[in-house]
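Chains as they are written, first to last, in my numbering: chain A, -3 to 889; chain B, 3 to 113. Reviewing the structure listed below.
Following this line, the structure appears as structure tokens:
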């Protein structure tokens, strides 16, 4: 009985490297040795020695007797194998070269693959599981709107039905409406992103259920359909533990009970990615369109203006997209002919379902950033390739004598070229292998940044295709450069030259490459710096509100079946109850929250013909200003006495007051809000200016109305809670207070006010994170390049340095020579890089936030960092140069 | 000069083969070398040296008797040839000559 066998992998390796009798013979020897060693010194020792023995048969030997000439056809291959062995031996002796080349290339590959997979998913890949996605489009009506035009993302249900019935260029149309619902009630409630879809939705897309079935027209009958629910795969996994018995279960969505009838396939998350606002994230469940009718006003099926449905259409075989959109436009114009919506200029836009495109076909911020990254990653990869080329060139110089000797001895140039190509190929493949794992992780991270809430998906076929192209590119470029250098100066002269025939001034190509690397790094660092500055400017934005001190509480009460009086009552009780929570300083309610869409109404001033001012308003409870931390500069805030039946009042922000009554006191002035004939509102106070959107473009002038005197009969939508300490700590207490108000409450969404601004600041945050990451990668790769090239140069100039020292140069001067050389390259690269960055300023400007693309701090910072890195990279080679012993160096030839 | 000079490892392996006489097969040589040099010696290195020397004609090999501990497989026995013996002697003579010269020069180690 053998207690243990030699390592399996080692045995397989041995079988692979040995042939015939010899194999059996040596295998038996090694088994014998293994058994005796295991007995004498333990299993671990025996295993280690077994591995060593096997490797001693597998690795190439230093010297070998010449072999018999191989068959003619095998000549090239045999030569190549010999060359590769030669290469491998060289690398084993000096692993630094191989490690630096392969690892920088690996990092470059990883950066490129990660960016590519992001672009792939945002712009190249359609939603998963959709059949023939190329023929499927979003349908948007683009109409005249005042002086300009407006593209409507949603379509009135009636128009959608007319188009579905009348259009001939399409195989079919379908519609859906994304919404949120509260899943469960009370303490167990959570928010669910649900899409209410027409009966043919899944059919038209061509998606098949993972489990059970999808709903159809039978369940989607007016007025309120059948409450059935299709679960998304992720929801099924997380909430229902992938229970196959889930079919037939009842699930509470708001006020209604839905029956689960099916589960969507993994990765199918609806068709709403790329839309802004609610619903852009992955859809978690689907229900029939009419089963969601309770959320809509009654006129939704008949109104020509209530736009509720997102329409998708499949263009028929053999019909062009433009012909289809023309037919749809003509059809749409006929349906509105003679009504007040008549518009002979109306167009119908068909836009693709790619998540990286907006409804009008333009790129989303994420897609634009992904494309930028693709370009940037290509630069980083170019830097890495330049590194490999540089290292190979250094070696080629070092090996000139060897090459020349081999040429003189009759080796063909073809053979030398083969060797160089083989070398480049081995490095590129090793780099790609090293980078692939890294790339896989990096692309996961990148996708979750760019497409939050969407499952990570990588198209393996495309991934392989692109990586092969990139690897081939690297091989060809680096081999070509190496050969160029090798042959351009005439080899015969090289025989006479010893080691170090190549001075600092000669290796122009290598230096040019190095300077380019530094320049690219400088460009990337400037980009990163500009985004970081944008972020800092965003962080320093003054909102006129304490956005870090306020919690925003939102509950979809209307969707949960609450009537308006019930909602009013709930908010009244909630304000009382929340005020009692320890740590809560002030509470308020309102119709809308900052950073969300706000209400607006035309304003007029008695005695003036027209007021050319657009302003938005917020209807709030008296506690609003104290809760938000917005000061009342003059006059008074709202009071409980400002209610229905008393004198209508309003508060204007300072900017609006100055605009309406320049140089006058707004207090006591009279404004008509809404249609003429409404009562005059008296301005009772002036509030400090606030910024309720991050971007300046969407910021308007503002005024406030008391919620009790609101214009639109819309119940309160949102609660604001100001806390004494960090608001995050109060979330549980606030939720507890809300839950104590009723057993049938839907899910309460509680967020810090600052987080509502996040969708707006996302592009800058993404930009700064990603540019910084890529910039640092480029700096790393470039510094590895500087270090490697300097090391080789010091090595090559060993003798020259020795001569200098022997002639009286001090070690300090030698060190200065090396550091100075590195500094000169870095300085040249920095100057070029900064110039390029400055030239690109115009392109970058729109992506920045209140930051000049020529920000001197950023430019100086990038330059300083790169010069510092170059100095650090030259430390080791400089030290080596300083410690050259002239007597040794001079004898070395 | 006919043939090549022996490398250090070749010399040791050749001597070990000579020392083992009729028992000079791969493992035995490897174990002897490892015992004497107190270094780990891999079997591959031993085979490589022996096969190289076989091509130079310094050793010959033949398949030996079946032994029970090898599971009935035969083992390759190496025998030092006359050329091998000559090479060993040359190596020893070189060393001896150098030793004599070194001693005459008063070779002493330094701490």
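Each residue gets a CB set at the ideal place from its N, CA and C atoms; glycine is no exception. Note that this is a predicted model, so its numbers are computed, not measured.
With the cut-off set at 8 Å, would you say residue 611/A and residue 700/A are in Cβ contact?
As a first step, residue 611/A is located in the first chain; it is residue number 615 there, counting from the start. As a first step, residue 700/A is located in the first chain; it is residue number 704 there, counting from the start. Annotated as distal: residue 611/A and residue 700/A, with beta-carbon spacing of 8 Å or more.
Would you say residue 19/A lies against chain B (beta-carbon separation less than 8 Å)?
Reading the first chain from its first residue, position 23 is the one you call residue 19/A. The beta carbon of residue 19/A sits no closer than 8 Å to any beta carbon of chain B.
Can you tell me the Cα-Cα spacing of residue 99/A and residue 430/A, whole angstroms?
Position 103 of the first chain, counted from the first residue, corresponds to residue 99/A. Position 434 of the first chain, counted from the first residue, corresponds to residue 430/A. Going by the C-alpha atoms only, they are around 7 Å apart.
At least one CB of chain D closer than 8 Å to the CB of residue 26/A: is that the case?
The displayed structure is made up of protein chains A and B, and chain D is not among them.
What are the start and end residues of the beta strand (DSSP E) that includes residue 682/A?
By one-based count along the first chain, residue 682/A stands at place 686. Unbroken beta strand (DSSP E) run through residue 682/A: 677 to 683.
Would you mind sorting residue 280/A into buried or exposed? The rule is 16 or more other CB atoms within 10 Å of its CB.
As a working mapping, residue 280/A is identified with position 284 in the first chain. That one is buried.
Own chain residues within Cβ distance below 6 Å of residue 320/A, not counting five before or after:
Looking up residue 320/A in the first chain gives position 324. The residues are 165 and 311.
CB-CB under 6 Å to residue 8/B, same chain, minus the five flanking residues each way: which ones, in chain order?
In the second chain, the residue the question calls residue 8/B occupies position 6. Correct list, in chain order: 89 and 93.
Residue 83/B beta carbon less than 8 Å from that of residue 62/B:
Taking the first residue of the second chain as 1, we reach residue 62/B at position 60. Taking the first residue of the second chain as 1, we reach residue 83/B at position 81. Cβ atoms of residue 62/B and residue 83/B: closer than 8 Å.
For residue 494/A and chain B, any beta-carbon pair shorter than 8 Å?
As a working mapping, residue 494/A is identified with position 498 in the first chain. Here the model assigns residue 494/A a pLDDT of 43, short of 50, so the residue's position is not dependable, and the following value carries that caveat. So no, residue 494/A is outside the interface.
Out of curiosity, what's the CA-to-CA distance linking residue 338/A and residue 607/A?
Locating residue 338/A in the first chain gives position 342, counting from the first residue. Locating residue 607/A in the first chain gives position 611, counting from the first residue. For the pair residue 338/A and residue 607/A, the Cα-to-Cα distance works out to about 29 Å.
Members of the region 43 to 57 of chain B that neighbour chain A once the beta carbon cut-off is set at 8 Å
Listed in chain order, the positions of the region 43 to 57 of chain B with a beta carbon within less than 8 Å of a beta carbon of chain A are 44, 45, 46, 47, 49, 50, 54 and 57.
Just the C-alpha distance for residue 856/A and residue 384/A, rounded to the nearest angstrom, thanks.
Start at 1 with the first residue of the first chain, and residue 856/A comes out as number 860. Start at 1 with the first residue of the first chain, and residue 384/A comes out as number 388. C-alpha separation (whole angstroms): 29 Å.
Using three-state DSSP, classify residue 646/A as helix, strand or coil.
Sequence index remark: in the first chain, residue 646/A carries index 650 (1-based). Strand.
Going along chain B, which residues have a C-beta under 7 Å from residue 77/A?
Numbered from 1 along the first chain, position 81 holds the residue referred to as residue 77/A. In chain order: nothing, as chain B lies at least about 18 Å away.
Between residue 894/A and chain B, is any beta-carbon pair separated by less than 8 Å?
Outside the modelled stretch of chain A, which goes from -3 to 889, sits residue 894/A, for which no answer is possible.
With burial defined as no fewer than 16 other Cβ atoms inside 10 Å of the residue's Cβ, what is the status of residue 870/A: buried or exposed?
On the first chain, residue 870/A is found 874 positions in, with the first residue counted as 1. Here residue 870/A is buried. Its C-beta has 16 or more other C-beta atoms within 10 Å.
Ends of the alpha helix (DSSP H) at residue 873/A?
To locate residue 873/A, count along the first chain from 1; it is residue 877. Run containing residue 873/A: 871 to 878, per the alpha helix (DSSP H) assignment.
Check whether the Cβ of residue 83/A lies closer than 7 Å to any heavy atom of the ligand ATP, and answer yes or no.
The ligand ATP is absent from the structure shown, which contains no ligand whatsoever.
Nearest-angstrom Cβ-Cβ length linking residue 203/A and residue 261/A, presumed shorter than 8 Å:
Residue 203/A sits at position 207 when you count from the first residue of the first chain. Residue 261/A sits at position 265 when you count from the first residue of the first chain. Contact holds; Cβ gap of about 7 Å.
Residues of chain B with CB under 7 Å from residue 89/A, in chain order?
Here residue 89/A refers to the residue found at position 93 when the first chain is read from its first residue. Listed along chain B, no residue sits closer than 7 Å to residue 89/A by beta-carbon distance, the nearest being about 17 Å off.
Under the three-state reduction of DSSP, which class applies to residue 708/A: helix, strand or coil?
One-based indexing of the first chain puts residue 708/A at position 712. Residue state, collapsed to three classes: coil.
If we cut at 8 Å on Cβ distances, does residue 48/A have a partner in chain B?
Along the first chain, read from residue 1 onward, the residue named residue 48/A stands at position 52. Against chain B, the CB of residue 48/A has a partner CB under 8 Å away; the residue lies at that interface.
So for residue 620/A, helix, strand or coil by DSSP?
In the first chain, counting from the first residue as 1, residue 620/A sits at position 624. In the structure shown, residue 620/A sits in a helix (DSSP, three-state: H, G or I).
Tell me which residues share the same chain as residue 727/A and place their Cβ nearer than 8 Å to its Cβ, disregarding the 5 neighbours each side in the sequence.
Residue 727/A sits at position 731 when you count from the first residue of the first chain. So the qualifying residues of the chain are 547 and 746.
Taking its Cβ as the centre, do 16 or more other Cβ atoms sit within 10 Å of residue 102/B, making it buried, or is it exposed?
Residue numbering aside, residue 102/B sits at position 100 when the second chain is read from its first letter. So residue 102/B counts as exposed.
Is there a Cβ from chain B that is less than 8 Å from the Cβ of residue 893/A?
Outside the displayed range of chain A (-3 to 889) lies residue 893/A, so it cannot be described from this structure.
Contact list for residue 97/B against chain A, beta-carbon separation under 7 Å
In the second chain, counting from the first residue as 1, residue 97/B sits at position 95. Within 7 Å of the CB of residue 97/B, no CB atom of chain A is found; the nearest one sits about 22 Å away.
My output table needs one value for residue 63/B: the three-state DSSP class, helix, strand or coil.
For this step, residue 63/B is matched to residue 61 along the second chain. Three-state result, residue 63/B: strand.
Mind listing which residues of the region 354 to 373 of chain A have their C-beta closer than 9 Å to chain B's C-betas, in chain order?
Within the region 354 to 373 of chain A, no residue places its CB atom closer than 9 Å to a CB of chain B.
Give the range of the alpha helix (DSSP H) segment to which residue 102/B is assigned.
As a first step, residue 102/B is located in the second chain; it is residue number 100 there, counting from the start. That run of the alpha helix (DSSP H) goes 84 to 106.
Would you decide whether residue 41/A is buried or exposed? Buried here means 16 or more other CB atoms lie within 10 Å of its CB.
Start at 1 with the first residue of the first chain, and residue 41/A comes out as number 45. Exposed is the call here.
Residue 246/A versus residue 226/A - alpha carbon distance
Counting from one through the first chain, the residue named residue 246/A turns up at place 250. Counting from one through the first chain, the residue named residue 226/A turns up at place 230. Between residue 246/A and residue 226/A, the C-alpha separation is close to 12 Å.
Listing by chain order, which chain B residues have their CB less than 9 Å from the CB of residue 29/A?
Numbered from its first residue, the first chain carries residue 29/A at position 33. Correct list: 29, 32, 33 and 45.
Measure the beta-carbon distance from residue 516/A to residue 381/A and round it to whole angstroms, keeping in mind my assumption that it falls under 8 Å.
In the first chain, the residue the question calls residue 516/A occupies position 520. In the first chain, the residue the question calls residue 381/A occupies position 385. Between residue 381/A and residue 516/A the Cβ distance is about 11 Å, and since that is not below 8 Å, they are no contact.
Would you mind telling me which residues of chain A sit closer than 8 Å to residue 78/B, beta carbon to beta carbon, in chain order?
For the purposes of this step, residue 78/B is taken as residue 76 along the second chain, with counting starting at 1. Within chain A, the residues near residue 78/B are 21.
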